[in-house]
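Reminder that position 111 of the sequence shown reads as 111 in the UniProt record's numbering, one-by-one numbering, no gaps. Using N, Cα and C, we set each Cβ at its ideal position, and we do this for glycine too.
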Amino acid sequence: MLLSHALNCDSGRCLLLHADTGRFLWMNVLRLRGYVYITSTEDGLLVLQETFGLNMMAVLNPFTGHLVRFSKKPPYCLGAQLVAACSSPMLFYIFYPFHGICVDPTSDLDWMLEFSAYPDLDGFGSVVAFQGRAYAVDDKGTVVVVKGQRQDDESETISTVIAGSWEEEILPTFLVDNAGELLLVRFLSSHGGLQVFRVDIENRILKAIKYTGNLPAIEGNCVYYVDRVPRPQNGGICMHRLVDGSDEKLFFEPVERLTRFLPLSLAQVLVGYP
């Protein structure tokens, strides 16, 4: 599992975690040249963007190595969040802090739908693809679903699934698809502590949980995250046990802090989620 890489883009030095043994190791690893990872689809395809020329986008099947390039570049730039929902056709949902765009990358961009976070959300905090749709949450715990329709449809583009009631805080709230369940992870303080909820879409409620399942190769029922401290040199990789609420620092060396507004590798995404 890749946890971090050197800040120098020309360096292939990476920090790896062997999930079976818990051993950390720095190694020089060759990278996919000429592309940066943007997001992944629910069925495991990787959405990439060129780092040169026109910065065109492509979809890579990591199991076969097959790469499909789009003929036109979607209106995406680094700093936005992009969700690829596996509907027919596949749609890109591009989220900025307070507005978003839905596009069909296979249609030469002849169709585009714009939407706003207001009045449903205070802003697009964390977004995720789940069951073919795009979901978003703000730091108050409000969860919405964004519907991209190719046909003329009178239904709303954004529908509130759960109305949040938490006091708005600086600490982020995350949505994650955990083995077919939509979970909400809420950090309580910068010194540790978090809550995990199951998002019950049908009944429109959040259910606090203490069990997320035993996943292969890692200690089950735990959340792994990068310690958010004021000084990065004091940070590290931590594990939160849902059963007793305890936090344990597994790795004390400073690593790059994760943000919600930058494209992350698949492994980096796993670090901050159950």
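Residues of the same chain with a CB within less than 8 Å of the CB of threonine 142, apart from the 5 flanking positions on each side, are Asp120, Leu121, Asp122, Thr160, Ile162, Ala163, Gly164 in chain order. Leucine 91 places its beta carbon less than 8 Å from that of aspartate 104.
For serine 116, the enclosing beta strand (DSSP E) begins and ends at 112-116.
Inter-residue distance for glycine 79 and isoleucine 201 is about 29 Å (C-alpha atoms, whole angstroms). With contacts defined as CB atoms closer than 8 Å, asparagine 214 and leucine 242 fail to qualify as a contacting pair. Closest by C-alpha distance to glycine 125, out of Asp138, Ile158, Arg133, Val176, is Asp138. Distance from the CA of proline 74 to the CA of leucine 45, rounded to the nearest whole angstrom, comes to 17 Å. Ala136 is the residue among Ala208, Ala136, Val59, Ile205 whose C-alpha sits nearest the C-alpha of tyrosine 93.
Between leucine 188 and leucine 182, the gap from beta carbon to beta carbon reaches 8 Å or more. Judged by DSSP in its simplified three-state form, leucine 82 adopts strand. With a contact defined as Cβ atoms closer than 8 Å, threonine 51 and glycine 34 qualify at about 6 Å. Taking every protein chain shown into account, the CB of phenylalanine 63 has fewer than 16 other CB atoms within 10 angstroms, so this residue is exposed. For the pair leucine 15 and asparagine 55, the Cα-to-Cα distance works out to about 27 Å. For isoleucine 94, the beta-bridge partners assigned by DSSP are Leu82, Ile101. Across the set Thr106, Glu167, Arg198, the C-alpha of Thr106 shows the shortest separation from the C-alpha of arginine 69. If you compare the alpha carbons of Phe130, Val226, Gly245 with that of isoleucine 237, the shortest gap goes to Val226.
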